[in-house]
Amino acid sequence: MDGRDGKIIRVENVSTTYEGEKRPAIRGVNLALENGELVYLVGPNAAGKTTLLETINGLQPVSKGEVSVLGLDVRGHGSVVRKEIGYVPQDFMVEALEPYTALDVAMMGRYAKMGVLRRPEKEDFKKAMEALGLLGVEELACKPVGKLSGGQQQKVMISRALAKEPKVLLLDEPFSNLDPSSRQEVSALVCRLNEERKMATIVVTHDIRQIPERCRRIVVMNGGRIVADESPEKALAALESCQNIGAEEAVP
Amino acid sequence: MIWLELAIIRRAMIGCALTGFLTGLIGVFVVRMRLTSIGYSMSHGAFAGAALGVAVSANPLSTSILFSAVTALLIGPVADKARLSQDTITSIAFPLNMALAFIFLALSPQIGLSSEVASVLWGSVISISNSDILYLAILCITASILIHFFWKELFTIMFDRRLAEADGINTKPFVYLMIFLIGIVITLSIKLVGGLLVFALLFNTASTTLQFLQDMKKIVLFSPIAGSAMCVSGLVASLAFDLPVGSCIVLVSTIAFAVSILLSPKRKRKEVKESS
Ligand SMILES: Nc1ncnc2c1ncn2[C@@H]1O[C@H](COP(=O)(O)OP(=O)(O)OP(=O)(O)O)[C@@H](O)[C@H]1O
Ligand SMILES: [Mg+2]
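Chains as they are written, first to last, in this note's numbering: chain D, 1 to 252; chain S, 1 to 276.
Take a look at the structure:
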């Protein structure tokens with residue numbers, strides 16, 4: 001189920017405008033990912049990184065241009081496409097009293113793909129537990145998620161996306177609550193799974209030191225546009241320059 | 001005469017048990033799917049509709065279904081897009097529906113507070129008919145079956161609707177199904193509890209259960225039982241003290257909620273946290 005010429009994600013000249021806003025949050029964005037490609041997405045706050053991810057999975061309606069994932073236009077096939085996308089939203093926090101365990105949350109990753117009216121089987125529980133295990137939180141499976149620490153919750157949310165066994169993985173600042181050693185581990189895990197499972201993966205991060213060797217492509221966004229899409233060395237120079245411009249603009 | 005009364009009381013008991021079951025069950029979804037403001041507005045829409053039914057001597061059941069459906073259609077899309085805050089929606093819908101209800105009641109042909117008007121306002125035991133019981137029973141079974149079959153979708157939506165959507169669940173039909181069930185449950189409960197108080201049933205039982213239990217499955221299984229128990233005890237209290245049945249049921253359920261807040265394990269933990 002690949003797209004044209006083997007591109008699994010194809011974003012063509014896309015603008016996305018939030019409801020009630022006049023200015024588009026992202027403008028004229030072009031991006032294509034091959035099967036199994038690993039891309040890091042960086043840029044200052046309000047650059048449009050989250051908006052781009054949610055445009056790719058169809059949560060935000062495209063106002064101009066075309067987005068296709070797995071060869072399907074997200075406008076018409078949003079929920080079909082999303083069944084193949086593992087998405088970890090930015091800063092997703094669960095309230096302390098929510099009546100859901102970590103395993104419940106990981107299982108939800110399986111539910112949508114399973115289809116309506118089908119019941120979860122042993123296999124699904126196994127996959128969910130495995131996913132929790134990958135993140136090293138399987139012993140928390142029966143604990144309420146709301147009572148876990150921020151970092152533990154983040155790991156559960158990543159497990160949920162992995163339990164789905166998606167073809168595309170979109171991670172929005174998945175390391176923000178993790179301690180340095182967990183960052184290292186989870187970052188290595190993402191690399192390993194990207195290679196083993198051939199998932200096209202986009203990771204948003206502010207921590208450029210964390211970008212692994214394996215990643216050969218960095219996309220830099222600023223002010224709703226992609227300003228660089230290159231090898232790490234060049235892209236990071238571009239990021240630096242746009243941060244400098246940002247700093248100059250901030251001084252009136 | 002005694003036999004007749006016994007038959008009425010038995011019917012009222014069954015009616016209360018079924019109403020409690022339904023409101024307890026659906027209430028969990030009202031609270032967890034953040035449908036409280038739409039449910040609140042729909043219950044008063046249903047009240048206005050029932051009042052219209054009395055005024056024009058039509059079947060209050062059909063007019064109140066009509067009104068709560070119109071309310072849902074008017075504010076559903078608005079609430080869906082969240083362009084208006086929930087407070088705004090309820091603050092406008094509540095007085096509007098009340099104003100309509102009182103106009104209809106004022107226009108109703110009977111003089112004073114006839115039993116029919118009274119039943120619309122605060123519910124009555126006598127007005128429950130065999131066909132009401134039948135509808136309630138059918139609705140209990142239908143709602144339970146629907147929830148059973150769509151459990152994993154509803155479960156995911158109750159955790160977070162946006163995340164469910166991101167997973168590829170088409171959430172709209174499930175949310176609308178719930179709104180539809182809420183409307184019917186409200187309409188069928190009005191005769192017993194009265195239009196002014198019906199929403200309390202949807203909210204109180206579920207909130208009480210949510211205070212105590214931390215497992216979604218157990219919550220959905222236990223809440224209908226708690227609802228039945230509260231409604232039947234409310235009925236007993238109303239018969240014992242000769243008070244309106246709806247008020248008694250709401251009082252019982254509010255007391256249960258208050259006690260649950262005081263005793264809840266969640267609350268205790270919170271206090272420990274705050275004092276430390
Ligand atoms: N729900 C919304 N409604 C209106 N505008 C929004 C909404 N969400 C984001 N925006 C705007 O869109 C632009 C891009 O926001 P976005 O969240 O995509 O940035 P980001 O790169 O993810 O930033 P951060 O690093 O802070 O997460 C910002 O100017 C923001 O104000
Ligand atoms: Mg963001």
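Think of the CB as a built atom: it goes at the ideal place given N, C-alpha and C, for glycine as much as any other residue.
Setting aside the 5 residues that flank it on each side, Phe29/S is surrounded in the same chain by Met178, each with a C-beta closer than 6 Å to its C-beta; the list follows chain order. Asn57/D: not part of any beta strand (DSSP E); DSSP gives it neither H nor E. With a cut-off of 7 Å, the C-beta of Thr36/S is classified as distant from ligand 2, since no heavy atom of the ligand falls inside that distance. For Gln154/D, the distance from the CB to the nearest heavy atom of ligand 2 is not below 7 Å. In the three-state scheme derived from DSSP, where H, G and I count as helix and E and B as strand, Leu171/D is classed as strand. With fewer than 16 other Cβ atoms from the protein chains shown falling within 10 Å of its own Cβ, Leu134/S counts as exposed. Per DSSP, Leu31/D is one residue of the beta strand (DSSP E) stretching across Ile26 to Glu34. At a cut-off of 7 Å, the beta-carbon of Asn45/D counts as near ligand 1: some heavy atom of the ligand is closer than that. Glu5/S is classed as exposed because its beta carbon has fewer than 16 other beta carbons within 10 Å across all chains shown. For Val14/D, the uninterrupted beta strand (DSSP E) segment begins and ends at Lys7 to Thr16. The C-beta distance from Ile75/S to Ile38/S rounds to 6 Å, short enough to fall under 8 Å. Taking C-alpha positions only, Val219/D is separated from Lys147/D by approximately 36 Å. Sorting Ile85/D, Gly43/D, Leu33/D and Thr101/D by C-alpha distance to the C-alpha of Leu171/D places Ile85/D at the top.
For Val116/D, a Cβ of chain S is located within less than 8 Å of the residue's own Cβ. C-alpha of Ala7/S to C-alpha of Ser129/S: approximately 11 Å in a straight line.
The C-beta separation of Ala143/S from Leu25/S comes to about 6 Å, placing the pair in contact by the 8 Å criterion. Taking the C-beta atoms as reference points, Ala17/S is found no nearer than 8 Å to Ser253/S. Cβ-Cβ separation between Leu38/D and Thr201/D: approximately 5 Å, consistent with a contact (criterion under 8 Å). Residues of the stretch 163-196 of chain S with a Cβ closer than 8 Å to any Cβ of chain D, in chain order: Leu163, Ala164, Glu165, Ala166, Asp167, Gly168, Ile169 and Asn170. Close partners of Ile219/S in chain D (Cβ separation under 7 Å): Pro99. Bridge pairing for Lys64/D: Ser15/D [DSSP].
DSSP, reduced to helix, strand and coil, places Asn244/D within a helical segment of the structure shown.
Within 9 Å of the CB of Met33/S, no CB atom of chain D is found; the nearest one sits about 13 Å away. Unbroken alpha helix (DSSP H) runs of no fewer than 4 residues, entirely contained in the stretch 78-145 of chain D, are found at 102-114 and 122-134, following chain order. With respect to the C-alpha of Asn97/S, the residue from Gly194/S, Gly45/S, Leu188/S and Leu210/S having the closest C-alpha is Gly45/S. Assignment of Arg217/D by DSSP, reduced to helix, strand and coil, places it in the coil class. Proximity of Pro144/D to chain S, defined by a Cβ-Cβ separation below 8 Å, is satisfied. Secondary structure note for Ile249/S: it is in no beta strand (DSSP E), and the uninterrupted alpha helix (DSSP H) holding it is Val245 to Leu263.
Using beta-carbon distances, Glu5/S does not count as an interface residue toward chain D, since no partner is under 8 Å. Residues of the stretch 46-65 of chain D with a C-beta atom less than 7 Å from some C-beta of chain S are Asn57 and Leu59, listed in chain order. The beta carbon of Leu263/S does not come within 8 Å of any beta carbon belonging to chain D, so the residue lies off that interface. Counting only residues of its own chain and dropping the five nearest sequence neighbours on each side, Cys215/D has a CB closer than 6 Å to the CB of Leu38 and Tyr40. If you draw a straight line from the Cα of Leu107/S to the Cα of Pro60/S, it is about 15 Å long. Within chain D, the C-beta atoms nearer than 9 Å to that of Glu153/S come from Tyr111, Ala112 and Val116, in chain order. Below the 7 Å Cβ cutoff, chain S contributes Ala166 as neighbours of Tyr87/D, in chain order. Contact check for Ala55/S against Gly195/S fails: the beta carbons are separated by 8 Å or more.
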